[in-house]
Every structure is written in structure tokens, then in C-alpha cells.
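Accompanying notes for the structure given below.
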């Protein structure tokens, strides 16, 4: 795909374009908006006006809600720079911040609102202290802040009679009491948040909440005439499928009460994406069937994997909830943030518990517990979660832990920091023992057993930060295919496939995983897809998962997935995870990337990377500019 190089009639933009800071999107928006606004008033703009619009557009394009002008230079370097680019980007002559802010305070481009909604929609920018927003981002953040604050701090209701017995029936093994606290908060508050790392029991707690909600509803007279209406959703189809499977696993626990097992099973099989829950339609991006005029018809809405939820999507979700609808937000704030603008869950995790915000953070790893001891994978994840600064001692402790001989963790270390001598073709003998899932999936695929092949495929995955290069998905896909004995051509038997875009024709959604199997004399791609049940209005009131076959070469937007990016793996879990750490100097070397990758592993974690790269990853964090937590608490 050809890359369009931006151009500008303003010579001052040249260094920003040369260092790839601004793209066509930022330059075009700056010149179009500034020229239009100043043309209307008959004044001549300064370059600071163009730069302000460009920076305000750059921010959400790079995941930020706003741009803090007091640290914009450092933020641009972090987001756009590599080690080789830092020196040249440092040479850019940025404006003096105080001069810049003084100019914006009197600029006709900037609105100065007195509240979340008191904003001049004719002004493209909003300045809040030193934080510069596009007006749309300011409104979305204000809407989310106001609705969350109202919901989180709404007067709590008394704990229902008998609630403690419902809670004790599910959480008899909860020695910390945190899971019980989470359920009590969900019962007594309009909105609550459940945070915690992988394996800390978030899904089991959700199942316990559902049991408590149904127990409470069963006490009310309305239970005889109308069932409790519950929606369970996640940002992606893969995450929705994972939460559904996890809840069903919770119900299989011999200690879990079966009083409402049918209801909980139905809810888990009806889990959907947030977009489908809101009534997303193709060609109408950002607008949904359910909104503030047509709210969702549910008594309880539970959203999992909130770390992947962007600010705009959170705004659309919150406005589509009736005031009396209970909301439970679940996720891990330490994971990678949403691809789009915002960091909603990390901002929620910053809220001051002293003010009574109903937030519960689970800390004990229960999934990987064995004989009273946690799996080293869980220990490693917790060590990284506990790093609150750039402490060299903490990083040394992580590296020392990795060098211990854990059965569950394997560290394959290249001989150089760049790792150029460590191409996948050169380490086949090192990774071959951990690819059994792919090998068994191929055996089932040759037999035409789609269910068996998909089951084995879920047991292993190679995760990469990059898409191309020695450390990228493309290189590792080819090498693993060669090692397993699967052809590279589309439609080869045993080839795992990842669907990358929602397709209403096939029913496949972004994140669906399939595999090519032998079907008689031909090859067929089999996927586990959502089978939707239509309601009277033409929407969906339920779904379940079923196997569906397709002609491999006819599928659009699918890619081979022996290896996949860490971003695309969010919401998934694999028995064995092989993580290819990006090289030193990569802007993808951040703690959230490392943490998200290792926490996809359930039984075996294989890390391929240099000590220098691992240290750099743990030492750097993704910084998303946002004032959401501040605006929630200041309201």
C-alpha cells in the first residue's frame, strides 16, 4: 500500500513532517479548520493556530484524549520515536509553552467551557489548564465523567435480606473476602468496578454476582411476571466468547450452586460485543440503535475486558443505559489500552476509594494455584503489577526470577541485544517442544475433525509485538508453518486462520479463529461462530456458538495465525504462549505489552528475547493523556 507523504504550504511544518510526527490527517485538518474559522472573521492566523489544531488531532490519533502542552514534546517522542530518531526529533523547535498557552487563551479557535456541556460547538478546541482537546473529545470525556460519577456515587441501597447466605454459598473458598466484597457492592450500588489480573477470579466473581442478582430478583413479586434481564458483553467477539466459556466453566465447579444454572448458562451463551449490544449497523459508524432516546432493555449490564474500551465507545454505552440499570465494569487496568483514544479503566482505577467509589481489586491468583502455591506465571505477572515506578531493584528482581529454573517459564535468550542472530529459522529446535497444540490440531484437521482441531489450536499461540521483520507475525507464521509441516498457501490443511473484520454476510466477526480441515477431497475452513436468534424487531435477543464451514479461498479479511500480535490476543488465553519480545529500541517495548503477552499463558510461558529488551519493556509504560479521573472526582 502506497504511503501518502503530507505536504504543507507552511514551512514551519517541515520538521514535523520530516520526522513523521504529523501525517496527512493532522496537516489537512489543521489547514482546513484554521482557514475556515479565520476566513469567517476576516483575520490572519499564526502558525501557532495551525500547530494547535494539528496537535489536538494528533492526540486521539495516537490514543490520547487530549494533549498536555507542558509535556507534549516528551509525549511525541515516546509515541513516535525510536532510539535512532530521538536526537533528530529533539532538534524540533517547539514553541515556548507559556507563550503557546497565552496565545490559545485568546484564540478564536478555543472555547473555555464552565462545565462539561457548556461549550461552544462552533469552536474546534477546548483548553483545560494546559490540556488541549478537540471539542468532540472534551464532550465525550465530560459525558463519561458525569455519568460515571453520578452512577458510582449514587446512594447505596441496603443489602437484600438473605444476601450473605447467597454470597457464602458461592465463595466459601474466598479467604481474602474480596470476591464477597465485590458482590456486595454490585448488589448495593448502581455501578461498581471489579479489577484484577488474570487468574484472580474475576469471571468466577461475575458468576457469583449473577447468582446473587437472580436470588435477589427471585424474592420480588415481579419475578413471577418478568424475568431478570441481564446483558453480558465485551469489546471483541473473542473476549465475549472467552467470558462465556469461563462462566460455563465456573458453573461446572462442584461447589457452585445450581439454583439458577439454566439462567446463567443462557446469559453466558448470549454474551456479545458491545457494538452488537448497542445495535451497531454497517455504514453508520459511531451511531447505534440504542442511545439516550432508546435505552437498553436490561436490568443489569456487565462489561468485561474494559481495558480495551475506548472513550467514545464508553460514552455511547453509558448514554444508552437507563438510570436504574445496574452496571458492572470488569477488567485489568495493567493490560494494553484500547487501540482508539482513551484509557477508561486505568482512569477508573485511579479514583480515590476514600470517597466511597465502589471499586474492588482482586489480588490473589486463584486460577494458577496448585497445592496452595501460585503458578510462577501468576507470580511473574504480580511482580510486574506491583512495580509502581522505574525502580531498578524491582526490574532486577523480575530478571532474577526469570533466570530461575521454573517448569512453567522458559526463557530463550539471544546472544545479542538486537536479536538479529535469533531469527525463527535459527531457533526451531528451541521452540519445537512447545508446539504440540499445532501438531495435534493438524492431525485432527487431516481427519476432518473441526471441533477437535479448534480445541487443540486454542492450546498454543505465538505472540509478537511487530507485524513484520524478524520479530514480526509474518516471519513467525511462515517459520512455524514450515516447522509443523503446513503449507503457506491459503487453504492448506492445518492452517489456523484469524478473521480480522466483521462480515455480516458470513457471520464472522473480528477476532474469530478458525482452521482449515480436510472435508472429503477438498479443504474447508471451520470457525466457531455466533448463531444469532432474531427477535420481533429484527434485532437479536440471544446467540450461541456453532461450527460453520467456508471455502478457504473465498474468505475475505482472514490471515494465517500461528502467530498474532499481542493486541489481537487480548481477551484470549492459551495453554502455551510463546512471546517474541520486540528488539531494543522498538517503541512497542512497554510494560503493558510485556504484561499482556505473558498473562495470556495458562500453563506454559516461553519468552524469546534479550535481557536488555525485557528490561526496557518493564521500564517503560504507555502514557495516555486524559483528565477523566480528575473530572470524575472534581464534579
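Numbering (this note's numbering), first residue to last: 102 to 736.
Positions of the beta carbon are idealized from the N, C-alpha and C atoms, including for glycine.
For clarity, every value in this text was computed on a predicted model and none was experimentally measured.
{"Asked": "Would you be able to state if there are at least three C-beta pairs under 8 Å between the stretch 587–598 and the stretch 721–728?", "Found": "no"}
{"Asked": "Can you tell me whether DSSP reads residue 634 as helix, strand or coil?", "Found": "Per-residue confidence for residue 634 stands at a pLDDT of 38, beneath the threshold of 50, marking its modelled position as unreliable; no derived number is given."}
{"Asked": "If I measure Cβ to Cβ from residue 226 and keep anything under 8 Å in the same chain, skipping five residues before and after, which residues do I get?", "Found": "153, 154, 157, 205, 208, 210, 211, 212, 233, 234, 235 and 236"}
{"Asked": "What does the Cβ neighbour count give for residue 160, buried or exposed, with the cut at 16 atoms within 10 Å?", "Found": "buried"}
{"Asked": "Count the other CB atoms within 10 Å of the CB of residue 144; is the residue buried (16 or more) or exposed (fewer)?", "Found": "exposed"}
{"Asked": "What is the rounded straight-line gap between the Cα of residue 366 and the Cα of residue 135?", "Found": "55 Å"}
{"Asked": "Look at residue 111 and residue 139 and say whether their C-beta atoms are less than 8 Å apart.", "Found": "no"}
{"Asked": "Assign residue 447 to one of two classes, buried (16 or more other C-beta atoms within 10 Å of its C-beta) or exposed (fewer than that).", "Found": "buried"}
{"Asked": "In whole angstroms, what separates the C-alpha of residue 628 from that of residue 647?", "Found": "8 Å"}
{"Asked": "Less than 8 Å between the CB atoms is what I'm expecting for residue 410 and residue 459, so what's the real figure, rounded?", "Found": "Their Cβ separation, rounded to whole angstroms, is 19 Å, which puts residue 410 and residue 459 out of contact at 8 Å."}
{"Asked": "Do you know whose CA, among 546, 243 and 705, lies nearest residue 420's CA?", "Found": "243"}
{"Asked": "For residue 615, which option in 130, 394, 552 and 356 has the closest C-alpha, if you only look at C-alpha atoms?", "Found": "552"}
{"Asked": "Under the three-state reduction of DSSP, which class applies to residue 381: helix, strand or coil?", "Found": "strand"}
{"Asked": "May I have the straight-line CA-CA distance separating residue 219 from residue 445, to the nearest angstrom?", "Found": "23 Å"}
{"Asked": "Could you check whether the Cβ of residue 415 sits closer than 8 Å to any Cβ belonging to chain E?", "Found": "Here chain E cannot be found, since the structure has a single protein chain."}
{"Asked": "Within a Cβ cutoff of 7 Å, which residues of the same chain sit near residue 559, ignoring the five residues on either side of it in sequence?", "Found": "675"}
{"Asked": "Where residue 543 and residue 535 are concerned, what is the direct C-alpha to C-alpha distance, given to the nearest angstrom?", "Found": "15 Å"}
{"Asked": "Judging by CA-CA distance, which residue of 317, 415, 723 and 689 is the nearest neighbour of residue 435?", "Found": "723"}
{"Asked": "What's the gap between the Cα of residue 518 and the Cα of residue 718?", "Found": "Residue placement at residue 518 is poorly supported in this model, since its pLDDT is 48, which falls under 50; the coordinates are not used for a value here."}
{"Asked": "Return the bridge partner residues of residue 649 from the DSSP annotation.", "Found": "628"}
{"Asked": "Identify which residue in 652, 354 and 613 has its Cα closest to the Cα of residue 625.", "Found": "652"}
{"Asked": "Output the distance between the C-alpha atoms of residue 381 and residue 374, rounded to the nearest integer angstrom.", "Found": "10 Å"}
{"Asked": "Bridge partners of residue 232, per DSSP?", "Found": "169 and 229"}
{"Asked": "Could you give the distance in angstroms between the alpha-carbon of residue 440 and the alpha-carbon of residue 400?", "Found": "30 Å"}
{"Asked": "Under a three-way DSSP split, which group does residue 207 fall into?", "Found": "coil"}
{"Asked": "From residue 607 to residue 673, what does the alpha carbon distance come to, in whole angstroms?", "Found": "22 Å"}
{"Asked": "Report the rounded CA-to-CA distance for residue 114 versus residue 223, giving the unit in angstroms.", "Found": "25 Å"}
{"Asked": "Relative to the C-alpha of residue 659, which residue among 687, 406, 617 and 167 is closest?", "Found": "617"}
{"Asked": "What's the gap between the Cα of residue 424 and the Cα of residue 397?", "Found": "11 Å"}
{"Asked": "Do residue 263 and residue 280 come within 8 Å of each other at the CB atom, strictly closer than that value?", "Found": "no"}
{"Asked": "Return the first residue and the last residue of the beta strand (DSSP E) that residue 704 is part of.", "Found": "702–709"}
{"Asked": "What does the alpha-carbon distance come out to for the pair residue 638 and residue 346?", "Found": "With a pLDDT of only 35 at residue 638, under 50, the local geometry of the prediction cannot be trusted, and no value is derived from it."}
{"Asked": "Can you tell me which of the three DSSP states residue 680 falls into?", "Found": "strand"}
{"Asked": "Under a Cβ-count criterion, where at least 16 other Cβ atoms within 10 Å of its own Cβ denotes burial, should residue 291 be classed as buried or exposed?", "Found": "buried"}
{"Asked": "If residue 414 sits next to residue 422, beta carbons under 8 Å apart, how far is it from one beta carbon to the other, in whole angstroms?", "Found": "Contact doesn't hold; Cβ gap of about 13 Å is too wide."}
{"Asked": "Could you work out which residue in 732, 495, 664 and 199 is closest to residue 453 when comparing CA atoms only?", "Found": "732"}
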